[in-house]
Every structure is written in structure tokens, then in C-alpha cells.
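Peer 1:
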Amino acid sequence: MSEHDEAATYDVRATQDKWLPVWDRMEPFRADDDSPREKKYALTMFPYPSGDLHMGHAEVTALHDVIARYWWQRGYEVLNPMGWDSFGLPAENAAIRNNEHPATYTYANIETQYESFRRYGISFDWSRRLHTSDPEYYRWTQWLFLKFRERGLAYRKNSPVNWCPNDQTVLANEQVVDGRCERCGHEVTKRELTQWYFKITEYAQELLDELDNLEATWPARVVAAQRNWIGRSEGAHVSFAIEGRDEPVTVYTTRPDTIFGTTFLVVAVDSPLAAELVTEGQREAFEAYREEIRKETEIERLSADRPKTGVDLGVTATNPVTGAQIPVWATDYVLADYGTGAVMGVPGGDQRDWEFATVMGLEIIRTTQTPEGFDGEAFHGEGPAINSPADGVDAPLDINGLSVAEAKRATIDFLEQQGTGKGAVNFRLRDWLLSRQRYWGVPIPIIHCETDGEVAVPYDQLPLELPELRGADLKPKGVSPLAAASNWVDVECPTCGGPAKRDSDTMDTFVDSSWYFLRYCSPGYTEGPFDVAKANAWMAADIYVGGVEHAVLHLLYARFFTKVLRDMGMLEVGEPFAAQLNQGFVINRGKKMSKSLGNGVSLGDQLAEFGVDAVRLTLVFAGPPEDDIDWADMSPAGSLRFIQRAWRLSGDVTSPVGASPEGGDVALRRITARTVHDAAELVEAYRFNVMIAKVMELVNATRKAIDSGCGPEDPAVREATEAVAILLSLVAPYTAEEMWERLGHEPTVARAGWPVVDPALLVEESVVAVVQIQGKVRARLDVAPDISEADLEKLALAHADVVRAIDGREVRKVIVRAPKLVNVVV
């Protein structure tokens with residue numbers, strides 16, 4: 001029989017059709033809250049239901065499933081749930097494009113994705129399935145919002161906000177990437193609006209500190225991204241008295257030691273402060289400049305190569321150390337939402353200030369000695385203080401010659417003594433803006449009354465359900481469609497009974513996804529967002545698998561929620577995810593998949609042609625999980641051929657079930673033991689591709705053993721083939737299940753248990769030691785694994801090939817790394 005004929009006997013589709021209903025009946029991955037087994041929580045980021053599954057979903061869930069199935073095999077009770085992040089812009093925009101109501105479109109897609117996940121054979125516990133757009137879920141999102149508000153962590157204020165003109169909604173700072181909307185890519189502008197915020201800054205220091213504990217188990221780039229976003233800096237608040245104004249203007253600076261070089265103040269042109277400070281004589285020029293700048297995006301304003309512009313506001317400020325009168329300017333390179341909207345201009349230490357001072361003809365004073373050979377402009381590095389004060393200047397503070405750290409401390413001490421400043425810690429992190437002017441989201445449970453102000457919807461009236469608004473135009477218009485739904489908006493005030501209006505904004509979808517992992521612990525619970533005892537039993541999630549694109553957004557928000565819930569007494573842990581694994585992207589021909597580029601790859605087509613197991617195996621075997629996968633370089637056909645070779649082994653075994661492998665082929669048993677041992681270490685190190693390579697080697701060794709004489713009746717062949725089936729169950733579950741049945745076992749192989757190996761088989765009888773002279777291999781020695789360095793050196797130097805290569809030359813050094821290397825230097 002030819003290789004092709006043998007392969008044809010394994011019907012991939014028939015195998016899938018056979019086992020899927022069996023697994024549905026058995027529910028082998030249903031987590032038991034009361035199990036005495038040690039618990040593990042395997043979590044993967046849940047998807048948006050804006051279409052069927054794609055190659056990215058296939059990759060992340062295949063990688064995630066290796067870990068979840070491995071834990072089941074190792075004897076843990078595993079919580080591995082799945083749900084849908086079903087509110088929010090992705091689903092709503094897709095529904096509008098398809099001219100459907102978001103609910104109709106979303107729930108149809110959820111069912112499509114559910115069937116695809118089910119066929120894909122991921123070990124999800126479907127009894128815990130949830131959708132964030134279900135009233136029984138978002139009831140508790142609203143409950144949490146009100147609880148946060150009671151703790152002073154949810155509030156409403158008027159301020160400049162990020163505005164996406166395309167999606168017609170505000171965005172949190174974290175949702176603006178390089179000045180563009182992270183959802184649609186459109187340039188973001190600024191608007192002045194009254195919006196709801198979560199006070200995430202209350203936890204800024206703890207969010208930063210806890211990253212130290214996550215460094216060992218989270219990807220380094222995620223930890224770095226969070227540290228940079230939180231952006232802790234130490235400096236001072238400095239007060240500048242303003243001509244004709246009772247209150248001084250306070251600015252924050254990380255370099256108070258450069259105050260001797262502060263020759264002007266710059267104020268954001270679109271800030272209320274600039275409009276207040278401008279004199280009547282400069283107002284016309286200021287208003288014209290402000291109108292010009294309002295047309296520009298934030299990314300344009302912050303561009304490094306943008307020419308500096310501004311308007312003199314006509315007032316002066318007093319430098320609190322030198323007493324000098326310095327001009328106050330309005331400019332576009334300072335942003336209104338940075339601190340007070342004012343910055344002290346230090347052209348000698350800041351390049352933007354240098355360029356501004358050069359254009360406007362303002363004084364430049366260096367306050368830090370530049371290194372020898374420095375030929376740049378502004379200098380912000382280390383060096384002794386100079387011109388602090390300058391020669392001939394009578395100042396009450398002298399920090400010349402001090403290091404930056406010493407000069408900062410001395411300046412802060414002086415400012416505090418004079419009452420014109422105070423040492424301070426500042427964070428780049430801003431409070432989380434959560435209002436959205438869109439329909440498809442959680443209604444904010446607040447009622448606005450002219451008499452009583454903001455009134456919470458009573459807890460016993462939750463959920464405040466989203467009205468269907470079927471037939472209404474839901475396209476983004478800059479105000480929520482709910483505002484026009486008078487039957488829903490117009491209500492009585494719960495406090496005074498007078499006329500009032502519901503808040504018509506909805507919550508950002510990131511609110512929904514900041515606690516879903518807790519709901520999985522008790523999805524049917526009706527007395528609160530989750531059963532506290534069960535959440536404490538499962539949390540923190542032992543592994544969280546998902547995309548690095550959420551390095552700041554979702555992960556930061558989920559960490560914030562977890563800490564608040566801990567402080568509310570609802571959780572014992574303060575961090576939600578003990579470890580994290582990021583997967584790379586699936587690309588094609590070197591580029592991101594796109595219909596317009598003609599390089600899109602349909603997951604459905606790949607599954608139809610090669611089967612689930614071959615696609616899963618290909619994605620996991622492609623390389624380290626964090627690397628991108630170029631599908632053009634992959635071979636699902638090759639994966640299918642390997643699966644068929646493995647499957648054929650199970651038909652060749654003739655020894656009975658339960659036969660002791662003792663006395664079987666020792667060489668094959670050693671390979672099996674080593675493969676099983678190494679596979680465990682490789683999975684735990686997330687080196688899944690290497691684990692598969694080891695299984696491939698075991699398949700080849702088993703086939704060779706059968707064909708070379710030990711025969712299919714040898715119990716070592718059964719031992720090896722059963723190990724192959726169990727290890728393959730992590731990646732190719734259909735094939736593994738079929739192999740397990742052919743080997744005479746009842747389903748399911750997924751709960752068979754990790755293969756037990758005799759430790760004695762892991763002990764190597766001998767290893768090969770390489771002897772190098774001047775870096776070239778001159779001999780190989782078979783030695784005992786526990787040989788001493790001294791004995792290995794003697795053997796190496798006495799070897800005839802080594803003696804010949806040394807040829808009487810003086811041996812200067814011998815480097816021994818027992819038992820595998822001897823390096824001789826002559």
C-alpha cells in the first residue's frame with residue numbers, strides 16, 4: 001500500500017463529526033467548583049462578535065488550549081470559560097454597515113462564533129458562557145458603577161476631551177494612539193464636554209508598584225508599556241505670581257533646578273487660563289490664533305518638526321527665585337489637559353522651549369553644564385548646575401556646582417521655605433473617561449434633576465435596560481441616539497418625584513471587560529456581580545492569553561477594577577492575572593491580512609481543506625507564541641501528513657491494554673520517557689513549538705522501532721503510542737481521541753492523565769563529550785553523565801586524536817564543562 005493510500009484511510013472530517021457530539025454529551029471540561037483537586041484558571045481574552053472567527057482567533061485559542069488541556073492532564077480542576085464582549089463600537093459599527101439592529105447582528109454573530117469555537121475543539125466550559133450585552137450581566141456593571149460612585153471613584157466633570165469625528169464619540173486617553181482613534185484610525189480632535197470619569201489616578205502609585213511583582217510572569221514589553229503610561233515623575237509644583245492677578249499660576253516641573261533658566265511661561269492657547277490672562281490689547285490676536293489652532297489635531301500640535309507659533313498675552317509673571325519679570329505666552333505645543341495648562345519655559349533645558357525662544361526672540365540661559373564636545377541646542381541631561389545664579393545676579397539661592405539631584409533637592413527646599421512651591425509626585429496617567437455618545441452600550445444609571453442634581457437609579461430598579469429603538473437611525477451624530485428617545489429619557493426623579501431626564505450616554509465597552517473574568521466564577525449568581533467565595537477560590541487567573549495591543553487599555557482597567565473590588569471587601573487578590581502570554585499576529589506574505597491587499601486567508605477555507613487538527617498544529621508549531629506567523633510560509637498540508645503518521649501508529653499496536661512496558665524495547669522506552677519529561681517543561685515555559693517537535697521525534701522513533709524488529713506487539717510501542725496520543729491531545733484533539741479509541745480506551749483522552757514514566761529511564765547511561773582545540777572539534781568521547789571535571793580532562797588529553805592535534809605544543813589552558821565539553825588552548 002502506498003503512503004498516499006495509507007493516508008487516505010484516515011478521514012479527517014469523519015473523525016471530527018464522530019467526536020464532536022461525544023464531547024458535547026460528556027462535557028469533559030466542565031469545571032467543578034467543589035472539586036478537591038487543586039484549581040487552575042485558564043483565561044483568554046474574549047472576542048468582539050463583529051464577524052465569524054478569523055486566523056487571529058484560531059491562533060490565540062490554539063495556544064491557550066495547550067495550557068488548559070495540559071493542566072487537565074496534570075490533574076488540576078481547570079476553569080476555562082468563554083464569552084463575548086458584545087457591547088461597544090466594533091459590534092455597533094459593523095451592525096450599522098450591514099443595516100441591522102446591533103442586537104440582531106451581535107447575537108447572530110455570537111451564535112456563528114460559538115459554533116466555530118465548538119468545531120475548533122477548544123476545551124471551553126460552555127456552561128459559563130456570558131455576553132456583556134445581556135441585561136443579567138450589565139445589571140451588575142451598572143451596580144459596580146454606582147458602588148464606585150459612592151466611593152468617590154466615579155464622577156462627572158466638564159473638560160477638554162478626545163473626540164473621534166468618524167465614530168462621533170469621546171475617547172479615553174488610552175484609546176488615542178499616535179493622535180488617532182484606536183478603533184477606526186481617524187485623527188482625534190478636542191472638544192469641551194461634560195463627561196463621566198473613573199478616578200483611576202487614585203490607584204496610580206499602587207498600579208505602578210505592583211508591576212514589580214508582575215515582571216517575572218508578564219511580558220517585559222507589557223510591563224514597560226504600563227510603567228510608561230502611568231508615568232510617575234518626581235518634581236515640584238512652582239507658583240508664579242501673575243501681574244494683575246490675585247492667584248498665582250502653578251506649574252509642575254520635573255526639573256525645578258532649572259528655574260534660573262525660566263525666561264517665560266507658556267500657556268495652552270485653548271485653555272481657560274489663557275483666555276483669562278490675555279489683556280484687552282492682545283485679545284484680538286489671541287482669539288484669531290486660538291481659532292486657527294482649533295482646526296488642528298493634537299498629533300499635529302505635538303509634531304516635533306512643527307514650527308513654533310504663539311501669541312504674547314500681554315502680562316508678565318514673576319520668577320519666584322530670581323524675581324525677574326518674564327513674559328507669558330499662549331502657544332499650541334502645550335496642551336490644555338496637561339496639569340494646569342501652563343508650563344515654565346526653560347529653553348536651555350527643553351528643545352521645544354529652545355525652538356520657541358529662538359523664533360520669538362526670548363532669552364536663553366543654560367542652567368546645566370553641557371558635556372565636552374556637546375554641539376546641540378537644549379540639554380536636559382546630567383551635569384553640574386551653572387548660571388544658578390549667573391555672575392553678577394543677586395539671588396537668595398545658589399546651587400552652582402551641584403549635581404542635578406542635589407540641585408533639585410536644594411531648589412525644592414528653598415521654594416517650600418518661601419511658600420512658592422512644593423515637592424510633588426506627578427503621573428502621566430489621567431482619569432478614565434468612560435462616557436460614550438453611542439447607542440450600543442451599558443446605560444449610565446444616573447438621572448438628572450434640576451432640583452436634586454445627579455440622582456442614582458435605585459439598586460432595586462437595575463438593570464436599567466437599553467431600549468430597543470428598532471427602526472431608529474443609530475448612525476453616529478455626536479450625541480447619543482438615546483437622547484431622542486423621549487419615552488425612555490423623560491422620567492420622574494426618584495428623590496423628589498419631579499420631571500427629570502436619564503443620562504443618555506452609555507459606558508465604554510472597556511468597563512464591561514474590566515470584570516468579566518470574575519463573573520465567569522459564578523455566571524448565574526443573582527445576589528451580586530459574583531459569588532465572593534467562588535471568586536476568591538478561582539482568582540487570580542493563573543494565565544491570561546491575548547494580544548499585546550491591550551498592553552495598556554484593557555489590562556490597566558482590569559487591574560484598577562480588581563484593586564477597587566479588593567478594597568470593597570469583595571476580593572482577596574489585588575491583581576487579576578498572575579501570568580500573561582501574548583501571541584503574535586497571523587500575517588500573509590509579509591503583511592497584515594487585508595481584502596484590499598488580496599492576501600486575506602479564510603479560516604473556514606483552511607479548516608475545510610486540512611481539518612481542525614492540522615490548522616491548530618500548524619499555528620502552534622510555527623514558532624514561539626509571541627512571534628508573528630506568516631501563513632504563506634506555513635504548511636498545513638505537512639501538518640496533516642504528520643497527524644496521519646501518528647494516527648497510523650495507533651492501528652499498529654497489538655499488545656493488550658494495560659500491558660506492562662517492563663521488558664519492552666529499552667531504547668524506545670528511554671525516548672518516550674525523555675519526550676514526556678521534556679514536554680512538561682516545554683509547555684510550562686510556553687515553548688509549545690519545541691514540544692511538538694519532540695512529539696514528532698517520538699512518532700518517528702516509534703515507527704522505526706516497529707519497522708526495525710521490535711514489532712507492534714512490544715509493550716514499549718504501546719507505551720510510546722499512548723504517550724503520543726496524550727501529548728497530541730493538547731494540540732490535535734480529534735486525532736488524539738481517535739488514536740485513544742483505537743488503542744482500546746474509553747473516551748476521553750483529554751482526561752487520561754499525564755503519562756507516568758520510570759525516572760530510571762531518564763538517567764543517561766553515557767553522554768558525548770566534545771573536545772575542542774583552538775575552537776575546532778578534534779575528538780568525541782563517550783563518558784558517564786556524572787564524570788568529574790578532572791577525570792574528563794585526563795581522558796581528553798590522553799585521546800590519540802587530541803595528542804596528535806596538540807603536536808607537542810604547550811597547553812596554556814584547559815576549560816572543562818563536564819560532562820559535555822573540553823576546550824584546549826595551546
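For what it's worth, the UniProt record's numbering labels the leading residue of the sequence shown as 1, then goes sequentially. For each residue, glycine too, the CB sits at the ideal point set by N, CA and C.
#1: Tell me where the alpha helix (DSSP H) around Met344 begins and ends.
#2: Just to confirm the assignment: which complete alpha helix (DSSP H) runs, minimum length 4, are found wholly within the region 146-230?
#3: If you draw a straight line from the C-alpha of Ala274 to the C-alpha of Val267, how long is it?
#4: Between the C-alpha atoms of Thr411 and Ser388, what's the straight-line distance to the nearest angstrom?
#5: When burial is assigned at 16 or more other CB atoms within 10 Å of the CB, is Tyr459 buried or exposed?
#6: Measuring only the C-alpha atoms, how far is Glu527 from Val269?
#7: At what residues does the beta strand (DSSP E) containing Pro499 begin and finish?
#8: Could you give the DSSP three-state label for His57: helix, strand or coil?
#9: Give the straight-line distance between the Cα atoms of Asp782 and Val699, rounded to the nearest whole angstrom.
#10: Which complete alpha helix (DSSP H) runs does the region 362-431 hold, if anything under 4 residues is left out?
#11: Which residues in the same chain as Val249 place their Cβ atom closer than 6 angstroms to its Cβ, once the five residues preceding and following it in sequence are excluded?
#12: Using DSSP with H/G/I as helix, E/B as strand and the rest coil, what is Tyr544?
#13: Compare the Cα-Cα distances from Val489 to each of Val457, Gly478, Asp473 and report the closest residue.
#14: Quick one: give me the first and last residue of the alpha helix (DSSP H) that His677 is part of.
#15: Below 8 angstroms, how does it come out for the region 33-49 and the region 71-83: are there three or more Cβ pairs, yes or no?
#16: Take Gly310 as the anchor and find which of Asp353, Ala324, Gly323 has the nearest alpha-carbon.
#17: For Trp19, count the other beta carbons within 10 Å of its own beta carbon; 16 or more makes it buried, fewer makes it exposed. Which is it?
#18: Leaving out five residues before and five after Thr558 in sequence, what residues of the same chain have Cβ atoms less than 8 angstroms from its Cβ?
#19: Measure the C-alpha to C-alpha separation of His101 and Arg74 and round it to an integer number of angstroms.
#20: Do you know offhand how far Leu434's Cα is from Thr509's?
#21: Let me make sure I understand the geometry here. Which of Val620, Gly547, Leu153, Ala204 has the alpha-carbon closest to that of Lys197?
#22: Out of curiosity, what's the CA-to-CA distance linking Ala537 and Asp758?
#23: Using the Cα positions of Ala796 and Val666, report the straight-line distance between them to the nearest angstrom.
#24: Can you tell me which of Val586, Glu741, Thr358 puts its alpha carbon nearest to the alpha carbon of Gly651?
#25: Using a Cβ-Cβ cutoff of less than 6 angstroms, which residues in the same chain neighbour Ala62 once the five nearest sequence positions on both sides are dropped?
#26: With a CB to CB cut of under 6 angstroms and the five nearest residues on each side skipped, what residues in its chain are close to Ala7?
#27: In angstroms, rounded to a whole number, what distance separates the CA positions of Arg283 and Glu291?
#28: Under 7 angstroms Cβ to Cβ from Val552, same chain only, skipping five residues before and after it: list those, please.
#29: When you compare the CB of Val816 with every CB in chain B, is at least one pair closer than 8 angstroms?
#30: Which of helix, strand or coil does DSSP assign to Ile692?
#31: On the criterion of 16 or more Cβ atoms from any shown chain inside 10 Å, does Glu722 qualify as buried, or is it exposed?
#32: On the DSSP bridge list, what partners appear for Thr318?
#33: How many angstroms separate the CA atom of Val683 from the CA atom of Asn158?
#34: When you compare only the Cα positions, how much space is there between Ser2 and Ala679?
#35: Give the secondary structure of Val653 by DSSP, where H, G and I count as helix, E and B as strand, and everything else as coil.
#36: Three or more C-beta pairs under 8 angstroms: does that hold for the region 661-676 against the region 710-718?
Peer 2: To lay it out plainly:
#1: In the sequence shown, the residue the question calls residue 344 occupies position 344. Boundaries for Met344: no alpha helix (DSSP H) harbours it, while the beta strand (DSSP E) harbouring it runs 342-345, taken from the DSSP string.
#2: As far as the region 146-230 is concerned, its whole alpha helix (DSSP H) runs of at least 4 residues are 204-209, 211-214, 220-230.
#3: Mapped onto the sequence shown, residue 274 falls at position 274. Mapped onto the sequence shown, residue 267 falls at position 267. Their backbone Cα atoms lie some 6 angstroms apart in a straight line.
#4: As a working note, residue 411 is residue 411 in the sequence shown. As a working note, residue 388 is residue 388 in the sequence shown. If I take the Cα positions, the gap works out to 10 angstroms.
#5: The residue labelled residue 459 in the question sits at position 459 within the sequence shown. Around the beta carbon of Tyr459, a 10 Å sphere encloses fewer than 16 other beta carbons of the protein chains shown; the residue is thus reported as exposed.
#6: On the sequence shown, residue 527 is found 527 positions in, with the first residue counted as 1. On the sequence shown, residue 269 is found 269 positions in, with the first residue counted as 1. Between the alpha carbons of Glu527 and Val269 lies a gap of roughly 51 angstroms.
#7: Indexing the sequence shown from 1 puts residue 499 at position 499. Its beta strand (DSSP E) spans residues 499-502.
#8: Position 57 of the sequence shown, counted from the first residue, corresponds to residue 57. Here His57 sits in helix by DSSP.
#9: Within the sequence shown, numbered from 1, the residue matching residue 782 stands at position 782. Within the sequence shown, numbered from 1, the residue matching residue 699 stands at position 699. Rounded to the nearest angstrom, the two C-alpha atoms are 27 angstroms apart.
#10: Counting only runs of 4 or more, we get 404-418.
#11: By one-based count along the sequence shown, residue 249 stands at place 249. Excluding residues within five positions, the ones whose Cβ falls inside 6 angstroms are Phe240, Ile242, Ala342.
#12: Translated into the one-based positions of the sequence shown, residue 544 becomes position 544. Strand, per DSSP.
#13: Taking the first residue of the sequence shown as position 1, residue 489 is located at position 489. Looking at the Cα atoms, Val457 is the closest of the given residues.
#14: Looking up residue 677 in the sequence shown gives position 677. Here the alpha helix (DSSP H) through His677 covers 666-684.
#15: Below 8 angstroms, enough C-beta pairs join the region 33-49 and the region 71-83 to call them touching: three or more.
#16: Along the sequence shown, read from residue 1 onward, the residue named residue 310 stands at position 310. Answer by Cα proximity: Asp353.
#17: For the purposes of this step, residue 19 is taken as the residue at position 19 of the sequence shown. It is buried - the Cβ of Trp19 has at least 16 other Cβ atoms within 10 Å.
#18: Walking along the sequence shown from the start, residue 558 turns up at place 558. Per the sequence presented here, residue 558 reads as Ala, with Thr not at that position. Same-chain partners within the cutoff: Ser513, Ser514, Trp515, Phe517, Pro576, Phe577.
#19: Translated into positions along the sequence shown, residue 101 becomes position 101. Translated into positions along the sequence shown, residue 74 becomes position 74. Near 46 angstroms, if we compare the C-alpha coordinates of Arg74 and His101.
#20: As a working mapping, residue 434 is identified with position 434 in the sequence shown. As a working mapping, residue 509 is identified with position 509 in the sequence shown. Each residue's Cα considered, the two are about 9 angstroms apart.
#21: Indexing the sequence shown from 1 puts residue 197 at position 197. A quick correction: the sequence has Tyr, not Lys, at residue 197. Nearest neighbour of Tyr197 by Cα position, chosen from Val620, Gly547, Leu153, Ala204, turns out to be Leu153.
#22: Reading the sequence shown from its first residue, position 537 is the one you call residue 537. Reading the sequence shown from its first residue, position 758 is the one you call residue 758. Between Ala537 and Asp758, the C-alpha separation is close to 34 angstroms.
#23: Translated into positions along the sequence shown, residue 796 becomes position 796. Translated into positions along the sequence shown, residue 666 becomes position 666. In a straight line, the C-alpha of Ala796 is about 30 angstroms away from that of Val666.
#24: Here residue 651 refers to the residue found at position 651 of the sequence shown. Nearest option by C-alpha distance: Glu741.
#25: Taking the sequence shown and counting its residues from 1, one reaches residue 62 at position 62. Closer than 6 angstroms at the Cβ level, and outside the excluded window around Ala62, lie Arg616, Leu619, Val620.
#26: The residue labelled residue 7 in the question sits at position 7 within the sequence shown. Confidence is the limiting factor: at Ala7 the pLDDT is only 45, short of 50, which leaves the residue's position unreliable, though a coordinate-based value still follows. In its chain, beyond the 5 residues on either side, Gln644 have a beta carbon closer than 6 angstroms to the beta carbon of Ala7.
#27: As a working mapping, residue 283 is identified with position 283 in the sequence shown. As a working mapping, residue 291 is identified with position 291 in the sequence shown. One C-alpha to the other measures close to 12 angstroms.
#28: Here the question's residue 552 lines up with position 552 in the sequence shown. So the qualifying residues of the chain are Glu174, Ala225, Gln226, Trp229.
#29: Going by chain labels, chain B is absent from the structure shown, which holds only one protein chain.
#30: Numbered from its first residue, the sequence shown carries residue 692 at position 692. Annotated three-state conformation of Ile692 is helix, per DSSP.
#31: The residue labelled residue 722 in the question sits at position 722 within the sequence shown. Its Cβ being crowded by 16 or more others within 10 Å, Glu722 is buried.
#32: Taking the sequence shown and counting its residues from 1, one reaches residue 318 at position 318. Answer is Ala241, Gln325.
#33: In the sequence shown, the residue the question calls residue 683 occupies position 683. In the sequence shown, the residue the question calls residue 158 occupies position 158. Near 51 angstroms, if we compare the C-alpha coordinates of Asn158 and Val683.
#34: For the purposes of this step, residue 2 is identified with residue 2 of the sequence shown, where counting begins at 1. For the purposes of this step, residue 679 is identified with residue 679 of the sequence shown, where counting begins at 1. Unreliable placement is indicated for Ser2, whose pLDDT of 38 sits below 50; the coordinate value is still reported in the next sentence. Cα to Cα, the separation comes out at about 32 angstroms.
#35: Against the sequence shown, residue 653 aligns to sequence position 653. DSSP, reduced to helix, strand and coil, places Val653 outside both helices and strands of the structure shown, so it counts as coil.
#36: The region 661-676, when compared against the region 710-718, does touch it at the 8 angstroms Cβ threshold.
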